[in-house]
Each structure stands twice: as structure tokens, then as C-alpha cells.
Amino acid sequence: MSCNVLRAIHRLGIAVAVLAAGLASFARAEPPPLIPRPVLFSGAPYDAPQVAPDGTRIAYVARDSQDVPNVWMRTVGQHDDVQVTHAEHGGIGFFSWAWDGRHLLYFEDHHGDENLHLWSLDLATELQRDLTPFTGARAVNLLTSPARPHEVLVGLNLRDRRLYDMYRVDLETGAVVLDTQNPGDVLAWTTDDALQIRAACALRVEDVATVVRVRDNHDAAWRDVVVSPFETTPLVGQANGSSVVLGFAPGGRSFFMVTWRSTDTMRVVEIDAADGHEIASLAQNPRCDVAGGFAADGTMHLAALQHPMTGALQAVGFNEMQPEWQAIDPAFETDFAVLHKAAGNGWFTIENRDRDDRVWVVSTSRSDGANRYSVYDRGTHHLEFLFEDAPELAHWTLVPKQTVRIRARDGMELPAYLTLPAGVPAKQLPFVLLVHGGPWFRDGAFCDPEVQWLANRGYAVLQVQFRGSTGFGKKHLNAGTGEWGRAMQNDLTDAVRWAIARKIADPRRVGIMGGSYGGYATLAGLAFTPELYTCGVDVVGPSNVATLLASFPPYWAPVKKRWVRRIGDAENDAALNERISPLFHADAIRAPLLVGHGSNDPRVKQAESDRIVQALRDRRQTVTYIVYPDEGHGFGRTENILDFYGRVEEFLSKYLGGRAEPWKAVPGSSAEVH
2 MSCNVLRAIH RLGIAVAVLA AGLASFARAE PPPLIPRPVL FSGAPYDAPQ
52 VAPDGTRIAY VARDSQDVPN VWMRTVGQHD DVQVTHAEHG GIGFFSWAWD
102 GRHLLYFEDH HGDENLHLWS LDLATELQRD LTPFTGARAV NLLTSPARPH
152 EVLVGLNLRD RRLYDMYRVD LETGAVVLDT QNPGDVLAWT TDDALQIRAA
202 CALRVEDVAT VVRVRDNHDA AWRDVVVSPF ETTPLVGQAN GSSVVLGFAP
252 GGRSFFMVTW RSTDTMRVVE IDAADGHEIA SLAQNPRCDV AGGFAADGTM
302 HLAALQHPMT GALQAVGFNE MQPEWQAIDP AFETDFAVLH KAAGNGWFTI
352 ENRDRDDRVW VVSTSRSDGA NRYSVYDRGT HHLEFLFEDA PELAHWTLVP
402 KQTVRIRARD GMELPAYLTL PAGVPAKQLP FVLLVHGGPW FRDGAFCDPE
452 VQWLANRGYA VLQVQFRGST GFGKKHLNAG TGEWGRAMQN DLTDAVRWAI
502 ARKIADPRRV GIMGGSYGGY ATLAGLAFTP ELYTCGVDVV GPSNVATLLA
552 SFPPYWAPVK KRWVRRIGDA ENDAALNERI SPLFHADAIR APLLVGHGSN
602 DPRVKQAESD RIVQALRDRR QTVTYIVYPD EGHGFGRTEN ILDFYGRVEE
652 FLSKYLGGRA EPWKAVPGSS AEVH
């Protein structure tokens with residue numbers, strides 16, 4: 002404001018001051034500039050830093066001159082960065098160090114088919130090797146130990162496509178040898194500190210209970226030490242390779258696991274390996290479960306830190322609506338105080354550590370900003386900044402996620418994230434209900450490109466942790482059992498009505514959008530509550546639950562029992578399937594629909610989208626259908642992501658009235674309009 006204006010306000014007094022305040026308020030109501038889609042959806046230019054076992058080097062993912070994600074390397078404290086992998090097409094997104102400090106390990110599939118192969122890169126010779134070069138086989142459950150730095154264990158469904166046996170792989174020679182055969186019901190394996198498989202997490206066929214088995218050594222007999230009924234077993238992941246066992250304690254005579262026994266939220270407990278009795282309860286948060294995240298092979302890893310060499314439990318991470326840490330080792334309290342201060346109004350995550358637990362790679366995060374990665378020296382408590390994963394975001398206006406609590410019609414409390422557009426009043430806004438997949442999953446407080454994109458375009462965005470979502474205890478999870486298309490869908494309906502009642506959402510401009518289960522919920526929302534939604538966007542969503550279950554890939558056979566228990570036997574109960582499957586209610590859908598699918602999707606086959614699209618077209622309903630022949634369960638190639646979100650943006654603007662950046666076909670995208 003100029004000096005002349007300031008003098009004018011001073012002369013004219015309060016009346017003009019009030020007018021100026023009103024004008025300033027009006028000016029603040031101007032929406033921010035549109036964030037170009039490539040800024041949000043081109044993938045992080047820098048990501049996934051990993052410290053070497055000796056703490057001297059950092060490897061990370063960055064884009065090469067062809068815009069392909071590859072692994073780069075630098076010495077800690079220097080800027081001698083060099084590219085060390087040269088992958089093409091989709092590039093490398095996630096990797097880890099082998100404990101020998103010489104090899105990098107990463108997974109790759111073929112165009113989203115999820116038949117993952119484990120690869121290694123020898124940093125000394127630059128040799129890249131497919132460690133599991135078996136056609137049609139899939140690799141999961143990668144296990145390593147500093148005690149055997151030149152070897153890894155990995156699960157392969159080589160003998161039987163339904164089951165994963167564990168194989169020992171020599172990183173220097175590439176030799177693959179069967180280590181432990183799956184008896185037919187094991188989902189995941191755990192090693193002791195000598196890289197010997199000592200524990201197994203199995204699913205009992207007759208009652209879908211989870212059984213923890215232990216053996217004293219490789220040649221000893223297995224014994225069942227812990228049996229958890231289905232409803233009281235923490236669901237830590239849907240895929241094979243995910244386990245309730247965290248690892249063995251020092252000495253190998255006990256192990257750590259998560260349990261819901263006697264509590265609603267997860268406890269971390271120490272269990273005697275001899276007879277399964279509980280030695281100690283070590284960590285719990287009464288508001289939420291232990292935090293978790295997916296590894297590169299699709300398995301869930303819980304946030305429980307054990308010393309890399311000894312296996313001692315040091316800290317546990319929890320996540321109600323924002324991650325937080327609980328120190329078990331008192332020495333961590335000083336470190337956590339330093340990192341908490343560095344995180345400001347966000348939170349910190351310990352990404353990985355060196356062999357001696359002296360050098361950490363940590364990230365500090367917030368819902369309205371890029372992740373900042375740093376190297377933390379525990380000896381000096383010094384943080385050395387590495388990079389932000391999305392530095393361009395600093396030039397644009399982002400908005401924070403707000404935590405809200407919504408009361409469902411039966412009284413259940415539903416945690417949710419509400420994100421409101423900047424620069425406009427939060428009243429009568431175009432509105433998008435963004436539904437997470439899984440459904441046994443959850444949304445998080447992280448900076449979500451999809452959410453920021455929608456908010457920037459002027460939409461209020463609501464992410465509801467409906468019953469059946471994980472992370473909020475067994476009552477919240479189990480309340481979703483048998484409720485596909487019913488109470489789980491009612492939660493979403495109630496959340497929309499909550500936003501309308503508070504005049505946040507314009508009832509004439511409400512959209513629903515999601516992928517996988519979120520795609521199912523989109524179809525169900527349009528079919529079961531057609532009066533509520535103006536339009537919908539379905540990404541890889543199933544339309545017929547019976548055919549979804551029937552078409553699961555062979556390696557999902559053991560966990561399929563969990564799905565049937567949670568959903569109901571829609572495959573063999575025609576009445577149930579007809580009641581909950583949107584395909585049978587296509588005649589009720591009247592809102593415009595946009596559908597996206599990948600041809601190689603092994604979980605939700607393309608036929609699920611083909612059928613609902615054809616049913617709607619037979620009824621002359623408005624539906625746009627985009628297929629990507631080189632994608633799977635979701636979209637991974639940047640060109641395809643940019644293409645799809647450009648189409649979605651145009652679609653939402655047409656039917657909900659939000660802002661839109663002009664869209665045109667993206668060079669290199671494989672999009673096919675069906």
C-alpha cells in the first residue's frame with residue numbers, strides 16, 4: 002500500500018478504514034493462479050534417499066535427461082552426484098541398499114502386471130542383474146540382514162503360483178536356492194538377526210484366524226505359538242508378505258508383534274518364542290493403530306524401529322490424523338526433540354539408517370508443502386539438508402488439510418480430512434468426495450497432489466475414513482464387515498450430507514471420485530444414491546463383486562479368504578452380489594461418468610469397466626471411457642497420468658463448474674478412448 006493511501010486513510014478516519022478493510026477482504030477472495038498439472042503430476046524430481054550401510058553415501062531417485070526416474074549417488078556432505086542406473090520406460094521408483102554396501106536392490110514389473118522381479122545393481126561393476134528371472138513368477142517379502150550382507154531372502158511363487166516359498170539369493174553369483182517351502186497357508190516370513198527364517202505368519206483355512214509359527218532353527222520343527230481370531234487380528238496389509246510379526250528381539254528367544262488382544266487399538270508386545278506368552282506390552286496409542294506404509298513389493302511395513310544390528314526395539318510410530326513417534330529407547334528422546342523442532346507445524350519420519358544407527362535419513366512433512374529430506378547425525382544432532390521432493394511447489398499456493406469429525410447415521414464417528422480452496426469463501430462450493438482404495442486402507446495428512454489439484458481448481462475436497470478403513474482400531478475396521486454397498490456407502494452419503502448441511506458444498510455440484518475400492522464406491526454412489534451426485538470419476542473400480550472375486554490372480558488365493566470374510570460370499574450368493582454390485586443397478590445411474598482403466602490390471606480386470614460402460618451406453622447414459630494398454634491397477638507413466646488428469650479436469654469443470662487449465666492430448670500417452 003502506498004504512502005499516499007496510508008495518509009488518506011489517516012485523514013478520512015474510521016469510515017474509510019472500514020471500507021479499506023472491506024476492499025482488502027474482497028481482494029483476498031481472489032483465487033490463486035492455476036497450478037500447471039505437470040507441477041503436480043510429473044512425479045517428484047528428487048525422492049527416496051537411502052543412506053549406505055556405512056553411512057558415507059546417499060543414493061536417491063532423480064529424473065535423468067530423458068525425464069526417467071533413475072538412481073543417483075552422492076557422498077554425504079558433498080555434491081558429487083552421479084547417475085548409477087539407466088532404466089528406461091517407467092524407470093525406478095523405489096530401491097534399497099543391500100547390506101554389503103555394494104549392491105542396490107529394486108523391483109520392476111512389466112507395464113503394471115505386478116509380476117515383480119527383484120533386480121540388483123553392482124555399483125563396482127555397473128552390472129544390472131535380474132535376480133529372479135523366472136517367467137510368470139512374482140517376487141515379494143524381501144528380507145535382509147547385516148549379518149549376511151552378501152545374501153538376501155525373497156519370496157517366489159515359482160513352484161506354485163498361489164504360494165510363496167522363500168529363496169536365498171547370492172548377490173555376487175546370482176545363485177538362487179530354495180530355503181524354506183510354504184506348507185500352503187503362510188502369508189509372510191520373518192528372520193532373526195542371522196538371516197535365518199524363524200517365524201511365519203499363516204492364515205488358518207477353517208476360520209481365517211492368523212497363526213504365528215516359530216522354529217528354533219532352520220532344521221527344527223515349527224510350532225504354533227500365537228493364534229488370533231479373525232476379528233481381533235490387526236490387518237496390516239492385504240498382500241502376501243505382510244505380517245503382524247515385527248522382528249526378533251536380541252538373542253532370538255522372543256519376538257515383537259502387534260496385537261489387538263484386550264484393546265481396541267494396536268499394542269506392540271514382546272512374545273516368548275518358546276510358548277507364546279506375552280512378556281511385555283511396549284507401546285500403544287489409545288486413539289489409533291501403529292502407522293504403516295507400503296514397500297516396493299506391495300507389502301505393508303509397520304513403523305517400528307529396531308536397531309539394525311541388535312534388533313532391540315527403539316521406537317514405534319502411530320498415526321491418528323498426523324504421524325507421531327513414541328520412543329522406547331530413552332536415547333531417542335533427545336533425537337526426537339531435535340527432529341520435532343525441525344518439523345515445525347508438520348511431522349518427521351525416519352526413512353532409513355546406517356548399520357551403526359548413527360546416520361539417519363529423515364523427512365519433514367506437512368499437508369501443504371513438499372517433503373524435505375535431510376541427513377541427521379545422531380552424534381552431533383546436526384541436520385544436513387538434502388533436497389525437497391517437489392521444490393516447484395514452493396512457487397504456488399497450497400492449502401492445508403483440516404481434520405474434521407463426522408457423525409454417521411448410526412452414531413459412529415468418522416475421521417475425515419477437509420481441504421478448502423484458497424481465496425474464496427468456504428460456502429456453496431463445488432465439491433468432490435475423494436474415496437480411498439483398499440477399502441482396508443486409509444488417507445493420510447501428507448501433501449497429496451490430487452487433493453491440491455482439486456482444491457486449486459476451486460473444489461472443496463472431503464476424504465472420509467469410513468468404517469472398514471484401517472488405522473483407527475478394530476471396532477472401526479470390523480464395523481465394515483459385510484457392509485460393502487451398505488453401511489460403508491452410507492458413511493460416504495452421510496459425509497456429503499454433512500458438507501451440504503454446513504453449506505460447504507453446493508448440493509447441485511457434488512462429484513464423487515476414487516480408484517479401486519474408491520472406484521467401486523463411485524459407481525455405488527451413482528447407482529444407490531443417484532439424487533446426491535452430479536457426476537462421478539471411476540478409476541479401476543469393480544462393478545460386479547462376484548466377478549471381481551472370481552478373477553483374483555492366483556497369488557491372492559490365501560488372502561482371498563479374508564476378502565470373502567469381510568465382504569460376504571458374493572461369488573456364490575447371487576442375491577448378495579446383486580444387492581451390492583453397481584452393475585445390476587445401472588438403470589438407476591443418471592449422472593455423467595468418466596471411467597479410466599489399465600489393460601494389464603491383475604486385481605480388477607478391465608472387464609469390470611467394460612461391463613458397466615456397456616450397460617450405461619445401452620441405456621443411453623453419458624459415459625466417457627479411457628483405457629491405457631500399458632498400465633495396470635492405477636497409472637504409473639507420467640504421460641498417462643497427465644493425460645488422464647487433464648481429461649478429469651475438463652470433465653469436472655463441465656459438470657461441477659470448477660476452474661480448468663486447457664487440456665490437449667499428451668504426447669507419449671497410450672490413452673485409447675473406448
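Using this note's numbering, the first residue of the sequence shown is number 2, and each one after it goes up by one. Glycine included, each C-beta is placed from N, C-alpha and C at the ideal position. Remember, predicted model here, so these are calculated numbers, not experimental data.
Minimum C-alpha distance to residue i - residue among the options
i	options	result
Tyr646	Ala666, Val405 and Arg498	Ala666
Ala409	Val213, Gln51 and Gly481	Gly481
Arg618	Glu650, His675 and Ala575	His675
Asp265	Glu279, Gln285 and His278	Gln285
Ile1	Asp495, Leu594 and Val560	Nothing in the structure corresponds to residue 1, since the chain is present only between 2 and 675.
Pro39	Gly252, Glu640 and Gly658	Glu640
Ala344	Phe386, Pro331 and Gln307	Phe386
His87	Ser66, Arg103 and Ser97	Ser66
Cys536	Cys202, Ala281, Ile513 and Ala292	Ile513
Ala587	Ile581, Ala547 and Ala528	Ala528
Arg379	Ala427, Asp336, Glu393 and Pro401	Asp336
Ala99	Asp570, Lys342, Arg356 and Leu283	Arg356
Glu484	Asp507, Arg503, Ala502 and Ala525	Ala525
Met322	Gly347, Ala446 and Arg373	Ala446
Val317	Cys289, His111, Lys342 and Thr311	Cys289
Leu434	Ile568, Trp441, Leu533 and Ile272	Leu533
Gly78	Gln315, Val376 and Asp276	Val376
Ser229	Val259, Trp557 and His111	Val259
Tyr168	Leu144, Phe349 and Thr350	Leu144
Residue i (DSSP reduced to helix, strand or coil)
i	result
Ile613	helix
Gln607	helix
Gly23	Note that Gly23 has pLDDT 39, beneath the 50 cutoff, so the model's placement of it is unreliable and the number below is only indicative. Gly23: helix per DSSP, three-state reduction.
Pro39	helix
Gln490	helix
Pro583	helix
Glu334	helix
Ala28	Any answer about Ala28 is weak, because its pLDDT of 42 lies below 50 and its placement is not dependable; what the coordinates show is given next. Three-state result, Ala28: helix.
Ala343	helix
Ile513	strand
Tyr107	strand
Ser654	helix
Pro508	strand
Thr350	strand
Phe529	helix
Phe135	coil
Tyr521	helix
Gly294	strand
Arg550	Per the sequence shown, the amino acid found at residue 550 is Leu instead of Arg. In this structure, Leu550 counts as helix in the three-state DSSP scheme.
Cβ-based burial, residue i [other Cβ within 10 Å; buried from 16]
i	result
Val206	exposed
Glu173	exposed
Leu7	Any reading at Leu7 must be qualified, since the residue scores a pLDDT of 32, below 50, and its modelled position is unreliable; the value itself is stated next. Its Cβ having fewer than 16 others within 10 Å, Leu7 is exposed.
Asn142	buried
Asp208	exposed
Arg406	exposed
Leu653	buried
Arg621	exposed
Asn80	In the sequence on display, residue 80 carries His and not Asn. By the 10 Å Cβ count, His80 comes out exposed.
Arg509	exposed
Ala125	exposed
Arg160	exposed
Lys475	buried
Gln197	buried
Leu179	exposed
Whole-number beta carbon distance between residue j and residue i, since they are thought to touch under 8 Å
i	j	result
Leu550	Val565	7 Å
Asp49	Val62	Sequence check: residue 49 is Ala here, not Asp. About 5 Å separates the two Cβ atoms, so the contact holds.
Val452	Leu493	That belief does not hold up - the Cβ atoms of Val452 and Leu493 are roughly 17 Å apart, past 8 Å.
Opposing strand residues paired with residue i [DSSP bridges]
i	result
Tyr61	Trp73
Ser282	Val270
Asp166	Leu157
Thr181	Met167
Tyr626	Val596
Val215	Ala200 and Arg224
Val85	Its beta-bridge partners do not exist; DSSP assigns none.
Gln51	Ala60
Glu389	Arg373
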